[in-house]
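Right, one structure below, let's go through it.
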Ligand SMILES: N[C@@H](CCC(=O)N[C@@H](CS)C(=O)NCC(=O)O)C(=O)O
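Put into structure tokens, the structure is as follows:
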């Protein structure tokens, strides 16, 4: 059985989508990142970078000690290799999937993350930072659109972990003030993936924990203030009257 350390966010959804697509049984271990739970010693022992997702597979291929994994890209490769699915076995096909997965991990995710931060969450709106990350975000959407003009899926003719890694980040387009009409091939691909039942089941995991409306002060501290801010908040609430 796999334990998935998770919160419903783009990087978290990659894993619930992959696990649902692969039909693998898993237990969800919620880590409320808006309440600083990413800093507990138990979670840090599994995910030293204090980020979700992470997983522990108590039944790794070949037996032996439980497999502990953090970084969503590594986790997706692990699941594809464990099952022999969602990644072609031939050299060329496998390499195309890994290239697009790395593109997501090193480019699309971090750039869209920073775009969202400076445009939506930062209390001080810095025009240069917003313009810089919007330009990079648009460039990356253009790269994806050009690739999808040649292939049905991101890494070729087969649906793969590269599609699963990229999709949740394109779900943020409306919030980031972008329209998929600007990238028709991304729009076509997005609609095809959105209709997949397994993907929808993945996105539904923990939906009830999502809060609507603006981010509260506690979440802002946990996400943007670092470990010290979480510790300060815990210390001050210990002295507070219930
Ligand atoms: N490169 C990491 C990024 C993970 C990541 O940034 N996770 C976010 C949620 S989407 C998180 O845990 N944030 C908690 C925090 O910023 O303290 C991965 O792909 O697993």
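Numbering (my numbering), first residue to last: -6 to 235.
Ideal placement from N, C-alpha and C gives every residue a C-beta, glycine not left out.
When burial is assigned at 16 or more other CB atoms within 10 Å of the CB, is residue i buried or exposed?
i: residue 108; result: buried
i: residue 27; result: buried
i: residue 219; result: exposed
i: residue 50; result: buried
i: residue 235; result: Since pLDDT at residue 235 reaches only 37, below the 50 mark, its modelled position is unreliable, and the value read off the structure follows with that caveat. Counting Cβ neighbours within 10 Å, residue 235 comes out exposed, since fewer than 16 surround it.
i: residue 217; result: exposed
i: residue 130; result: buried
i: residue 126; result: buried
i: residue 92; result: exposed
i: residue 32; result: buried
i: residue 71; result: buried
i: residue 43; result: buried
Quick one: residues in its chain with C-beta nearer than 7 Å to the C-beta of residue i, no 5 flanking neighbours on either side, listed in chain order?
i: residue 52; result: -6
i: residue 89; result: 148, 149
i: residue 173; result: 166, 179, 180, 183
i: residue 36; result: -2, 24, 30
i: residue 113; result: 168
Whole angstroms is fine: what's the gap from residue i's alpha carbon to residue j's?
i: residue 176; j: residue 190; result: 24 Å
i: residue 15; j: residue 76; result: 8 Å
i: residue 139; j: residue 162; result: 17 Å
i: residue 68; j: residue 94; result: 11 Å
i: residue 214; j: residue 106; result: 17 Å
i: residue 84; j: residue 202; result: 41 Å
i: residue 45; j: residue 4; result: 7 Å
i: residue 143; j: residue 96; result: 17 Å
i: residue 222; j: residue 164; result: 30 Å
i: residue 54; j: residue 197; result: 28 Å
i: residue 19; j: residue 192; result: 15 Å
i: residue 254; j: residue 225; result: Residue 254 is absent from the model: the chain starts at -6 and stops at 235.
i: residue 233; j: residue -4; result: Unreliable positioning characterises residue 233 in this predicted model, as indicated by a pLDDT of 45, which lies under 50. A coordinate reading is not provided.
i: residue 21; j: residue 208; result: 24 Å
i: residue 141; j: residue 185; result: 12 Å
i: residue 38; j: residue 2; result: 21 Å
i: residue 188; j: residue 17; result: 20 Å
i: residue 204; j: residue 210; result: 13 Å
Can you give me the Cβ contacts of residue i inside the same chain, cut-off strictly under 6 Å, excluding the 5 residues immediately before and after it?
i: residue 40; result: 47, 63
i: residue 153; result: 79, 80, 90
i: residue 73; result: 79, 80, 154
i: residue 66; result: 94, 98
i: residue 212; result: 27
i: residue 110; result: none
Sorted by chain position, which residues of the same chain lie with C-beta nearer than 8 Å to residue i's C-beta, five sequence neighbours on each side aside?
i: residue 151; result: 81, 86
i: residue 116; result: none
i: residue 146; result: 152, 153, 155, 156, 182
Since residue i and residue j should fall inside the 8 Å C-beta cutoff, what is the C-beta to C-beta distance between them, to a whole number of angstroms?
i: residue 199; j: residue 0; result: 7 Å
i: residue 195; j: residue 6; result: 6 Å
Q. Can you find at least 3 beta carbon pairs, one from the stretch 142 to 159 and one from the stretch 10 to 18, that sit closer than 8 Å?
A. yes
Q.
Does the structure place the stretch 117 to 130 close enough to the stretch 49 to 62 that three or more beta carbon pairs sit under 8 Å?
A. no
Q: Decide yes or no for the touch test of the stretch 100 to 108 against the stretch 126 to 139: beta carbon pairs closer than 8 Å, at least 3 of them.
A: yes
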